[in-house]
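Residue numbers (this note's numbering), protein chains in the order written: chain D, 1 to 327; chain S, 1001 to 1361.
Data block below; observations after.
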Amino acid sequence: MPVITYRDALRSAMAEEMERDERVVLLGEDIGVYGGTHLVTNGLIDQFGPRRVIDTPIAENGFTGAAIGMAMAGMRPIVEMMTWNFSFQAADQIIQNAAKLRYFSGGQVSVPLVIRGPNGGGVQLSAQHTHSLEGFYGHFPGLKVVSPSTPEDVKGMMLAAIRDPDPVIFLEAGALYGTKGEVPEGDYTVDFGRARVTREGTDVTLIGYGRQVPVLLRIAEKLAGDKIDAEVIDLRSIRPFDSDTIVESVKKTHRAVVVQEQWRWFSVASEVAAIIQEQAFDELDAPVERISGAEVPAPYARNLEVAAFPAEQQVIDAARRVLYLEG
Amino acid sequence: MATTPSQGKRRRSATEPAKNKNGSSAFPSTQLDKDALVALYDKMVNIRLFEDAAQRGFRQGKVGGYMHVYSGQEAVATGFLDAHHEGDYVITAYRDHAHVLLLGSDPKAVMAELYGKGTGLVKGKGGSMHLFDVNNGFYGGYGIVGGHIPLGVGMAFGQAYQKTGGITQLYLGDGAIHNGAFHEAANLSGLWGRDGLNPCLFVLENNQYGMGTSVERATANTDLGKKFESYGIAHTKVDGMDIEAVLQVAHEAADRVRETGKPFAVEALTYRIMPHGAADFLEKYRTKEEVKKWRERDPIGLLEKRLEDEGVDESRITEIRAAAKATMDEAVKFAEESPDPDLSELLTDVYASDMVVQAAG
Chain D
1 MPVITYRDAL RSAMAEEMER DERVVLLGED IGVYGGTHLV TNGLIDQFGP
51 RRVIDTPIAE NGFTGAAIGM AMAGMRPIVE MMTWNFSFQA ADQIIQNAAK
101 LRYFSGGQVS VPLVIRGPNG GGVQLSAQHT HSLEGFYGHF PGLKVVSPST
151 PEDVKGMMLA AIRDPDPVIF LEAGALYGTK GEVPEGDYTV DFGRARVTRE
201 GTDVTLIGYG RQVPVLLRIA EKLAGDKIDA EVIDLRSIRP FDSDTIVESV
251 KKTHRAVVVQ EQWRWFSVAS EVAAIIQEQA FDELDAPVER ISGAEVPAPY
301 ARNLEVAAFP AEQQVIDAAR RVLYLEG
Chain S
1001 MATTPSQGKR RRSATEPAKN KNGSSAFPST QLDKDALVAL YDKMVNIRLF
1051 EDAAQRGFRQ GKVGGYMHVY SGQEAVATGF LDAHHEGDYV ITAYRDHAHV
1101 LLLGSDPKAV MAELYGKGTG LVKGKGGSMH LFDVNNGFYG GYGIVGGHIP
1151 LGVGMAFGQA YQKTGGITQL YLGDGAIHNG AFHEAANLSG LWGRDGLNPC
1201 LFVLENNQYG MGTSVERATA NTDLGKKFES YGIAHTKVDG MDIEAVLQVA
1251 HEAADRVRET GKPFAVEALT YRIMPHGAAD FLEKYRTKEE VKKWRERDPI
1301 GLLEKRLEDE GVDESRITEI RAAAKATMDE AVKFAEESPD PDLSELLTDV
1351 YASDMVVQAA G
């Protein structure tokens, strides 16, 4: 299998589907002539022209709403949020229209729309440019929310997202755009709602998604040095959510640590912890640990920012705590 | 996928346009014959009596939530939807009963929706503010002021991109024009229209109040057409109480949009002779005298005078009113007797697939 970057896997998914399906168009800020702020759409305007790779003014509510209208009219638009931080300007469109149209139209209207862009922080962009919005968007029925972590998944899930009849919030791990991995050749999709056991283990289950996944794999290797055999689960999909894979793992390890960059309160990790206690209460040998970001707006200074996100040592300590190996 | 013939046939038109030498239609009001005027009157009376019946249902507690009636504004939608072709889209905000009825929805299903019944237009899931009938080209029905405007612009793009030959009639109130969504969407519409990719007919229903705030209290630039001009969208005004004037402008505007793929805006000056919502009893923001003055320009009253001048027999008017009343009585009866939505409907239509949706509890 060819080895390509996360960024190129994303681009090839969109380009291949645009070749196959004329209804697919891209909209976003500086995605065409400029090449895309993160170069995800670089070159596509040369391939497909400005009618299908549409540079928009900086007006997220307007172009996201227009993309919903295009989807209602039978097209398959893909909107780029330059970063998900800007999606608050479009939140009314995403939540009040895209998520609910099928329902309040009594099933008469579909919104086959993908909204994609980098999610999360880590490069000193400070308060207004650093959010992890999986819990926020995961809250709303009618949306599907995914957060792939590998080139293989990002391509397969993007193809699935474009073909999905419902609106998909596609949260890319911006920090992983340059990471490489094997990607199958030809047309394939990765279904939503299926977590993946990325590393098998028997002592403790480490659960994460997006850019936390490679971090968890690194941590698992460190734990292995201490003779702790960690299982790592990549959630991949926030809504729909795969409870079964998590519950099966906890039945084996009896311990779980959930790791996320986002704030703890009302977050994905909170939901995962609730699901485990509901569905595997008797299997647990320790309380589920949540390792999250600090409850502050993201700071600028490098040392403060690092301190605002989960640290590897914090995850290692939590894994030891649930194994009663502390101290 | 919305595919429609590129030259959709006109339907439900009360009038047949004369073609001028440029091929665009012209509507000298003098050419409207008696029968055409009577047909328009019939439509306007039907939607007025529907609203009267809906208000009674609301006051009786049989219609829940919010409800906003179109009474006083009938000439606007009646005139513009006369220019509707099969394959065209129509989208509006929450004052939506008239539009969906004019496009051909069964008053029984619309009333049943207001009553929250399973036989309602959207199965009791949307209510008054979210009427939909996509088979007749009606795409809602939205409750957030301004929020639907970008959708309409996108739908028009979709029509041009897919070369369906259709246009989108995008209705908005004077209250919505101050919302950011309008400005972002109008900018896109003008921009895309430059390339013939936005056959969007903006119909600004200026009923002079955004809820209880008059245009003068909402903006320093009260010439609302100018807001479109900022974005390169040509515009005109029409007396929204005069059905013949509306009809002429509507057909010209629709033809222009269809031919050019560019947006066009019409500000129809009108007046809501009823309160904003069915729960707006006090109306402290306007005087009784003002309402009385505008009631004298009630579009249905004005048309009745025209019919008299044309020598239409009074018995014909009485017949139309009686038939409309019977239709609405029947609609109310149907709504009252219809079953509530099946509880299994609660969890459907969230997603297209059979994805598990959590029940309450």
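For every residue, glycine included, the Cβ atom is placed at its ideal position computed from N, Cα and C.
Quantities reported herein were computed from a predicted structural model and do not represent experimental measurements.
Item, Value
"Within 10 angstroms of the Cβ of L1201(S), are there 16 or more other Cβ atoms? Answer buried if so, exposed if not.", "buried"
"Within the segment 139 to 223 of chain D, note down every full alpha helix (DSSP H) run reaching 4 residues or more, in order along the chain.", "151 to 163"
"Output needed for T1078(S): all residues of its chain with C-beta closer than 7 Å, excluding positions within five of it in sequence on either side, in chain order.", "L1040, K1043, M1044, L1102, I1243"
"What is the residue span of the alpha helix (DSSP H) that T1236(S) lies within?", "Not the alpha helix (DSSP H): T1236(S) falls in the beta strand (DSSP E), residues 1234 to 1239."
"Using the beta-carbon count (16 or more within 10 Å), is G1141(S) buried or exposed?", "buried"
"Determine, for M1067(S), whether the minimum Cβ-Cβ distance to residues of chain D falls below 8 Å.", "no"
"Tell me, please, whether the segment 1350 to 1359 of chain S touches the segment 1124 to 1132 of chain S by the rule of three or more beta-carbon pairs shorter than 8 Å.", "no"
"Is the CB-CB distance between V1069(S) and E1086(S) below 8 Å?", "no"
"Listing by chain order, which chain S residues have their CB less than 8 Å from the CB of V190(D)?", "Chain S residues near V190(D): none, gap ~16 Å exceeds 8 Å."
"Who are the Cβ neighbours of N42(D) in its own chain at under 6 Å, not counting the five residues just before and after it?", "G35, G36"
"Counting only Cβ-Cβ distances shorter than 7 Å, please list the residues of the segment 1132 to 1148 of chain S near chain D, keeping chain order.", "F1132, V1134, Y1139, G1140, I1144, G1147"
"Just to make sure I have the definition right: I need the residues of chain S whose C-beta is within less than 9 Å of the C-beta of Q279(D). Which are they?", "By Cβ distance, chain S contributes nothing, its closest Cβ being about 14 Å from Q279(D), past 9 Å."
"With Q1215(S) as the anchor, note down where its alpha helix (DSSP H) starts and where it stops.", "It should be pointed out that residue 1215(S) corresponds to Val in this sequence rather than to Gln. That run of the alpha helix (DSSP H) goes 1215 to 1218."
"Starting from R102(D), find everything on chain S with Cβ-Cβ shorter than 9 Å and list it in chain order.", "D1349, V1350, Y1351, A1352"
"Just checking my contact of E231(D) with G201(D) at CB under 8 Å: how many whole Å lie between their CB atoms?", "4 Å"
"Comparing C-alpha positions only, which one of S1071(S), G1180(S), T1164(S) sits nearest to Q89(D)?", "G1180(S)"
"Is N1020(S) helix, strand or coil by DSSP?", "Bear in mind that a pLDDT of 40 at N1020(S), under 50, signals an unreliable position, so the number given afterwards is only what the model happens to contain. N1020(S): coil per DSSP, three-state reduction."
"Counting Cβ pairs, one atom from each stretch, are 3 or more of them under 8 Å apart for the segment 66 to 79 of chain D and the segment 123 to 143 of chain D?", "no"
"If you measure between the beta carbons of Q1162(S) and G49(D), is that distance less than 8 Å?", "no"
"Could you list the residues in the segment 1103 to 1126 of chain S with a C-beta less than 9 Å from some C-beta on chain D, going in chain order?", "E1113, G1120, L1121, V1122, K1123, G1124, K1125, G1126"
"Would you say F88(D) reaches chain S, if we count a Cβ-Cβ gap shorter than 8 Å as a contact?", "no"
"I'd like to confirm the pairing. Which residues does DSSP put opposite D242(D) in its beta bridges?", "Paired residue(s): none; D242(D) is not in a bridge."
"Give me the Cα-Cα distance between F140(D) and F241(D), rounded to the nearest whole angstrom.", "13 Å"
"Using a Cβ-Cβ distance under 8 Å, would S12(D) count as near chain S?", "no"
"Kindly indicate the opening and closing residues of the alpha helix (DSSP H) around S12(D).", "6 to 20"
"Opposite E231(D) in the DSSP bridges: which residues?", "T205(D)"
"Distance cutoff 8 Å, beta carbons only. Does A67(D) sit that close to anything in chain S?", "yes"
"Are any of the Cβ atoms in chain D nearer than 8 Å to that of G1152(S)?", "yes"
"Check this for me: beta carbons of I1149(S) and A1185(S), under 8 Å apart or not?", "yes"
"Please tell me whether M14(D) and P184(D) are closer than 8 Å, where the distance is taken between their beta carbons.", "no"
"If I'm right that V259(D) touches V204(D) with Cβ under 8 Å, what's the distance once you round it to whole angstroms?", "Not a contact, Cβ separation roughly 12 Å."
"Whose Cβ in chain C lies nearer than 7 Å to the Cβ of S126(D)?", "Looking for chain C here will not work: the only protein chains present are D and S."
"Below 8 Å on the Cβ atoms is my guess for P57(D) versus N1187(S); work out the distance and round it to an integer in Å.", "6 Å"
"Less than 8 Å between the C-beta atoms of V257(D) and V215(D), yes or no?", "no"
"Secondary structure at T1270(S), three-state DSSP: helix, strand or coil?", "coil"
"Kindly examine the ligand SAM and report whether one of its heavy atoms sits closer than 7 Å to the Cβ of M1111(S).", "No copy of the ligand SAM appears in this structure; indeed no ligand is present at all."
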